[in-house]
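K.L.:
Structure incoming, see below.
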Amino acid sequence: MRQRTVRLRTLTATAALALAASLLAPQPGAAADEPPPAADYCEGQCADVLPPGANGNATLAEILAHRLLGTQPAHADDQLGPYDALSSGYPSLTDDKLTEFFNDASFGVPAGQAASVTRPRDDVTITRDKKYGIPHIKGSTRYGTEFGAGFAAGQDRLWLIDLFRHIGRGQLTSFAGGALANQGLEQEFWPQAPYEEKDLEKQVEYIRTTQGERGKQAMEDAQAYIDGLNAYRVKSKNGRYFPGEYVLTGKIDAITNIGEIEPFKVTDMIALASVVGGLFGNGGGGEVDSALSLLKSQEKYGVEKGTKVWESFRARNDPEAVQTIHDGTSFPYAGKPESARGTALPDAGSVEREQLVYDREGGAKSPSKALKDPVKAPKKLKPLQGMYDDGVLPGGLFKKDGQKKGMSNALVVSGKHTASGNPVAVFGPQTGYFAPQLLMQQELQGPGISARGVSFAGVGMYVQLGRGQDYAWSATSAGQDITDTYAVELCEPGGGAPTKQSTHYLHHGTCTPMEKLERKNAWKPTLADSTAAGSYRMQVFRTKYGVVTHRASVEGKPVAYVSLRSTYRHEADSIIGFQMLNDPSYVKDASTFKKAAEHISYAFNWFYADSRDTAYYNSGANPERAKDIDPALPVKAQQANEWKDFDPDNNTSAQTPPAEHPQSVNQDYYISWNNKQAKDFSAAGFGLSAVHRGDLLDGRVKKLTEKGGVTRAALTRAMSEAAVTDLRGEQVLPELLKVVRSKPVTDPQQAKAVQQLEAWQKAGAQRNQTAAGSKTYAHPDAVRIMDAWWPLLVEAEFKPGLGKDLYEALTAQLGTDESPSAGHGPTGAHAGSAFQYGWWGFADKDLRAVLGEPVEGKLGDAYCGGGKLDACRDALLATLTQAAAKPATEVYPGDDNCKAGEQWCADSIIHRALGGITHGPIQWQNRPTYQQVVEFPEHR
């Protein structure tokens, strides 16, 4: 439905602030006694934190006051300080001090600490605590509980939910404006999950009719949640305390209140779920690009050696990769067959990406330069004009570049190795830094539901990551291969000769028409987004084997490459697993936790801790592939090559049984930072090699476990130290220095740089302030040199041997670096998450080979200096000289938030504003956005 556009009438700052009495008034609620809390076996030993704050809504007056006076709405930023402070406070952390950096995550609200109690219905209360304003929802009926969850979601995230349902529907520009980043984002996301309304409705019915009583209950819960969300939508609109972004984007008139916030539907939750899954729960894909890099390698080295070299970089099962299950248990999945069949490599030079955008008009005619047509704005509203000109979200959020933005980490230690004898866990999702946050804190207590934690806004019927009465759970993105690429042979219905642009394909021998899906978007300039009025049409073709991504020829025949994801048409099926995790009558121990996780179809690593046990389970709708199919490369779309029991109408197939998923109970410790899960569980893409950021956790937790007596504080310290450590400095710099020091370094400038790097490495290779608020690193020159040196040294090490074409093909699939100051990650620059993808493992293997040290899973050739130590050393010193000479202003060129040369600021985390409220920079930390610290002393 096209959004109604309402003219923003002239509104002075004085008039806006005059409305503050109503716009800033407390939302409807009444003082009341806090309902008694549910049974809580954590006894004050559960804690969590989610910056910047629980409140993610702001009225127009609050936004204006923020921009003019620097004020923040209540509870918009009160968790940012404690979160930031841990980076400086962790060295002296004790269990008693944890609540200085984390919230008490006990059930309920302490006596005298209830700020308000809202009753949206007679059967539910929403109690908010004074300290952080977190909603504690308690219902006497199931419907009331879920209604309250939806109402609270509206209170905290109404604009965000609306924004993301439009992203899920491929309608971001029509909703928020035509900024280039908005165009880019919807053009990246919609082709990955293109749906018509009937497709979304079918997914609702699939859950309701095929998943038994839990499926019916889940859809009833979803409807109750939507009812609560809509109730708040209406109340806030009528009461004039709705988010101010609706005014700034021209949807509601600030004076007359004329306009509309579109009602929410259950199908919106399916669209929202596709966004969450697209960001964090997918895996695999990119097989066409893999085929192209393989062909480049074969072109360089010949077929046999070229394949060997490519496989060494692809590193499907690198024996040196850090693993979550480290006891050697094997879980074979998606491996390379001894003799693959059905592989569909493209003919040389034949690959073309499928065109997506058509019929550009007005402000859409220039896809690389935004055309502006600012609306006339009152003088006092100038601070708000153009706040969305750069888009509401970064354009590369859903980029299919082979580097999934899966994040999060987990540290879990068995009770055998803790001081108390009870397991200890420090874990959470690393979902980027947004304002408001994508996640929302809540406690849910009602019939069949008892949990506290976080949920993605808009799909929060259940707590998705958090704690129950006597257990806690969390997840990291797993990224295993649940997406394949098929090459469908093209045909013409009349029997003519097909071309690469044909829109029919062979399915089981029948020439079948492709289904065309379209999305037409149009926008006009608003106060928030000055992009000139424009429109365009997105178009994709859908086949029974998936959505067309490329056109090419294979063995001379025209084909379309299509992408088939096992969770496509099943975006919300995981709701059953989350329902189970919230049900205290279902999850009672590690075994039942694993059974609940089995019902989650997205690719996640799940971790569990109670007072007795720890557990791990890898979830995902892992398709059971035909024998001898190579999942890393495109496959011919023939019946013999399909997933077992494949039904294209519902996109269902046989899946690998639960017993074959990586899993474990009571291993001495578990760590996960999106690393390899277990032996023989093949990597879905490039990047799981000898050095991984998971090593930063594994080494530290292993030492703690071996020593014994682990406490919550000790495990948090290990996480925090890893969070401010440069992976390259800790894991690869020692080998670099060995090569450089293989002979005396006589050049004074080189010697000085080497000494600076050695001192930094000896001190822990940290990128942390010398003291809270200093905004200066202890070894700033060494950090600058490392940042400048790494990309130079990788190119000097590998490009001469690989050659330009192969080097560029491989670096297109796996970037060489991901330092904190680089513009990467789910929020672009200042994203926090760093060192997930890079060539540090390749460099480490190659350097050790040059040094004559043992290497398991060697690269397919020698690269640094052609394998000769002296030549390698010369290459490293030459690039080190270049790096040391680069001034900070060049290494850190500055942006809208930082001046050129400001090293600390370049690294810093800045929450990406999705609305009108912004936050200042905080110290870089490579840690979960939402994080729990838990230790249960008792069990039911």
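The working numbering numbers the first residue of the sequence shown as 271 and each following residue consecutively.
Here a beta-carbon is modelled for each residue, glycine too, at the ideal position from N, C-alpha and C.
Could you check what DSSP says for Y413 in three-state terms: helix, strand or coil?
P.N.:
In this structure, Y413 counts as helix in the three-state DSSP scheme.
K.L.:
For N791, name the three-state secondary structure that DSSP assigns.
P.N.:
DSSP places N791 in strand when its eight states are reduced to three.
K.L.:
For A680 versus L958, is the C-beta distance shorter than 8 angstroms?
P.N.:
Cβ distance not < 8 angstroms, so A680 and L958 don't count as in contact.
K.L.:
Should F583 be flagged as near chain C, meaning a C-beta pair shorter than 8 angstroms?
P.N.:
The chain labelled as chain C is not found in the depicted structure, where only one protein chain is given.
K.L.:
Taking a contact to mean a Cβ-Cβ separation below 8 angstroms, would you say H820 touches Y831 in this structure?
P.N.:
Yes.
K.L.:
Near Y413, what residues of its chain come up, given a Cβ to Cβ distance below 6 angstroms and the 5 sequence neighbours on each side ignored?
P.N.:
Closer than 6 angstroms at the Cβ level, and outside the excluded window around Y413, lie A494.
K.L.:
Report yes if the C-beta distance between K1032 and Q1039 is below 8 angstroms; otherwise report no.
P.N.:
Not closer than 8 angstroms, so no.
K.L.:
Where does Y1107 fall in DSSP's three states?
P.N.:
Coil.
K.L.:
A295 to R510, Cα distance in whole Å?
P.N.:
Annotation note: pLDDT 35 at A295 (below 50); position unreliable, coordinate value reported separately. If you take the alpha carbons of A295 and R510, they lie about 10 angstroms apart.
K.L.:
To the nearest angstrom, report how far apart G576 and L1076 are at their CA atoms.
P.N.:
For G576 and L1076, the distance between alpha carbons rounds to 10 angstroms.
K.L.:
If we count the other Cβ atoms within 10 Å of its Cβ and call it buried at 16 or more, is R1197 buried or exposed?
P.N.:
Looking at its Cβ environment, which holds 16 or more other Cβ atoms inside 10 Å, R1197 is buried.
K.L.:
Determine the direct distance from the alpha carbon of N911 to that of G656, and round the result to whole angstroms.
P.N.:
Near 52 angstroms, if we compare the C-alpha coordinates of N911 and G656.
K.L.:
G964 to N945, Cα distance in whole Å?
P.N.:
Going from the Cα of G964 to the Cα of N945 covers about 6 angstroms.
K.L.:
Considering only the beta carbon of each residue, do P380 and D347 sit closer than 8 angstroms?
P.N.:
No, Cβ-Cβ distance for P380 and D347 is not below 8 angstroms.
K.L.:
Evaluate the contact criterion for the region 909-924 versus the region 617-625: three or more CB pairs, one atom per stretch, below 8 angstroms.
P.N.:
No, the region 909-924 is not in contact with the region 617-625.
K.L.:
With distances taken Cα to Cα, identify the nearest neighbour of E1065 among A1145, D1114, L1003.
P.N.:
It is A1145 whose Cα lies nearest to the Cα of E1065.
K.L.:
If Q712 and G730 are in contact, beta carbons under 8 angstroms, what's the gap, nearest whole angstrom?
P.N.:
That pair is a contact at about 6 angstroms.
K.L.:
Once DSSP output is grouped into helix, strand and coil, what is the label at I845?
P.N.:
It is helical.
K.L.:
Determine contact between the region 547-566 and the region 741-761, defined as no fewer than three beta-carbon pairs at a distance below 8 angstroms.
P.N.:
At 8 angstroms Cβ cutoff, the stretches touch.
K.L.:
Using the C-alpha atoms, what's the distance from S1178 back to C1168?
P.N.:
If you take the alpha carbons of C1168 and S1178, they lie about 9 angstroms apart.
K.L.:
Does the region 1000-1016 come into contact with the region 973-989, if we say contact requires no fewer than three beta-carbon pairs (one atom in each stretch) closer than 8 angstroms?
P.N.:
Touching, no.
K.L.:
Helix or strand or just coil, what does DSSP make of S684?
P.N.:
S684: coil per DSSP, three-state reduction.
K.L.:
Can you look up C1168 in the DSSP assignment and give me helix, strand or coil?
P.N.:
Three-state DSSP puts C1168 in coil, outside helix and strand.
K.L.:
Would you tell me roughly how many angstroms separate the C-alpha atoms of K468 and E490, rounded to the nearest one?
P.N.:
For K468 and E490, the distance between alpha carbons rounds to 19 angstroms.
K.L.:
Just to confirm the assignment, what range does the alpha helix (DSSP H) spanning C1142 have?
P.N.:
From DSSP, the alpha helix (DSSP H) with C1142 extends over 1139-1155.
K.L.:
Locate the beta strand (DSSP E) running through I719, then write down its first and last residues.
P.N.:
719-726 is the span of the beta strand (DSSP E), which, as asked, contains I719.
K.L.:
Where does M808 sit, in a helix, a strand or coil, going by DSSP?
P.N.:
Residue state, collapsed to three classes: strand.
K.L.:
Starting from M731, trace the beta strand (DSSP E) in both directions and tell me its first and last residue.
P.N.:
Looking at the DSSP string, M731 is not in any beta strand (DSSP E), and its letter there is neither H nor E.
K.L.:
Whole angstroms is fine: what's the gap from A300's alpha carbon to A385's?
P.N.:
Note that A300 scores a pLDDT of 37, beneath 50, so its modelled location is shaky; the value from the coordinates is reported in the next line. Taking the straight line from one Cα to the other gives about 10 angstroms.
K.L.:
Taking 8 angstroms as the threshold (C-beta atoms), are S805 and A634 in contact?
P.N.:
Yes, the pair counts as a contact, with Cβ atoms nearer than the cut-off.
K.L.:
In whole angstroms, what separates the C-alpha of P298 from that of I477?
P.N.:
Model confidence at P298 stands at a pLDDT of 41, short of 50, so the residue's coordinates are unreliable and nothing is read from them.
K.L.:
Please say whether V1203 and Y939 have beta carbons closer to each other than 8 angstroms?
P.N.:
The answer is no: Cβ separation not under 8 angstroms.
K.L.:
Counting only the same chain and skipping the five closest in sequence on each side, list residues whose C-beta sits under 7 angstroms from that of S376.
P.N.:
Hits under 7 angstroms: D310, C312, G314, C316.
K.L.:
Please say whether F601 and E930 have beta carbons closer to each other than 8 angstroms?
P.N.:
It is a contact, given that the beta carbons lie within the stated cut-off.
K.L.:
Can you tell me whether P795 is buried or exposed? The criterion is at least 16 other CB atoms within 10 Å of its CB, across all chains shown.
P.N.:
Under this definition P795 is a buried residue.
K.L.:
Please report the Cβ distance between P706 and R427, rounded to the nearest whole angstrom; I am assuming they are in contact, meaning their Cβ atoms lie under 8 angstroms.
P.N.:
Between R427 and P706 the Cβ distance is about 6 angstroms, and since that is below 8 angstroms, they are a contact.
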